[in-house]
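Residue numbers (the working numbering): 2 to 177.
Dropping the structure here:
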């Protein structure tokens, strides 16, 4: 499993077994390296790092350790989440003082697709198991609720209306 661990003052990613043994340190950078998300084939990790000065999304080939930055736009980019097919990575981006959700190709090529827009702050994207939509958290004022949105940014809808706030959803492998 990939774990964020603060071992020696730095916050880095490590591979660990279920007994808590560190198999390998994956990052050794000043600053933070957090929020790992495995690719569906288990060969790559998307993660957030501020090694460039501000939080950005990077992808690492776990076998070789080769790492490349995939987000270039936006003041801060974080919360990567790999699509089930492995063809897109959803992430949260701070643009013009508000957070929105985008998707991007794992190699960082091509234009990011903005999937949320409008009032409120959006964060914590998570793909549906079929890869056709995402569930996101939307903050408006003090309230935070879950919404679904298609992968192309259409059909933003409240998932359900509950009292209290909801955030950082994780979709099960089963759809009702």
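The C-beta atom is built at its ideal place from N, Cα and C for all residues, glycine as well. Predicted model, so just to flag it, every value in this text is computed and none were measured.
Near residue i, which residues of its chain fall below 6 Å by C-beta distance, leaving aside the five closest residues on each side in sequence?
i           : result
residue 6   : 15
residue 51  : 32 and 33
residue 105 : 71, 90 and 113
residue 174 : 130
residue 132 : 84, 85 and 86
Whole angstroms is fine: what's the gap from residue i's alpha carbon to residue j's?
i           : j           : result
residue 164 : residue 148 : 15 Å
residue 114 : residue 100 : 14 Å
residue 126 : residue 67  : 25 Å
residue 146 : residue 86  : 27 Å
residue 170 : residue 61  : 24 Å
residue 76  : residue 120 : 19 Å
residue 94  : residue 102 : 6 Å
residue 20  : residue 3   : 13 Å
residue 107 : residue 161 : 31 Å
residue 56  : residue 69  : 14 Å
residue 43  : residue 10  : 28 Å
residue 53  : residue 111 : 21 Å
residue 142 : residue 65  : 44 Å
residue 109 : residue 123 : 21 Å
residue 74  : residue 92  : 12 Å
residue 116 : residue 136 : 11 Å
Could you check how far apart the C-beta atoms of residue i and residue j are, in whole angstroms? I think they sit under 8 Å.
i           : j           : result
residue 63  : residue 45  : 6 Å
residue 172 : residue 130 : 6 Å
residue 78  : residue 58  : 5 Å
residue 90  : residue 31  : That belief does not hold up - the Cβ atoms of residue 90 and residue 31 are roughly 24 Å apart, past 8 Å.
residue 29  : residue 13  : 6 Å
residue 40  : residue 80  : So it is not a contact: roughly 16 Å between Cβ atoms.
residue 154 : residue 118 : 7 Å
Hey, would you say the C-beta of residue i is under 7 Å away from at least one heavy atom of the ligand GTP?
i          : result
residue 81 : The ligand content of the structure shown is nil, which means the ligand GTP is not present either.
For residue i, list the residues DSSP reports as bridge partners.
i           : result
residue 161 : Partner(s): none; residue 161 has no beta bridge.
residue 116 : In the DSSP output, where bridge partners are listed per residue, residue 116 has none listed.
residue 91  : 82 and 104
residue 38  : 47
residue 122 : 140
residue 70  : 59
residue 134 : 151
residue 128 : 135
Residues in the same chain with beta-carbon distance under 7 Å from residue i, minus the five sequence neighbours each way, listed in chain order, please.
i           : result
residue 134 : 149, 150, 151 and 152
residue 23  : 15 and 17
residue 167 : 138, 145, 146 and 147
residue 26  : 13 and 15
residue 156 : 150
Looking only at its own chain, which residues have a Cβ that is under 8 Å from the Cβ of residue i, when we skip the five neighbours before and after it?
i           : result
residue 158 : 148, 149 and 150
Ordered list of alpha helix (DSSP H) runs contained in the stretch 5-29, each at least 4 residues: Within the stretch 5-29, no complete alpha helix (DSSP H) run reaches 4 residues.
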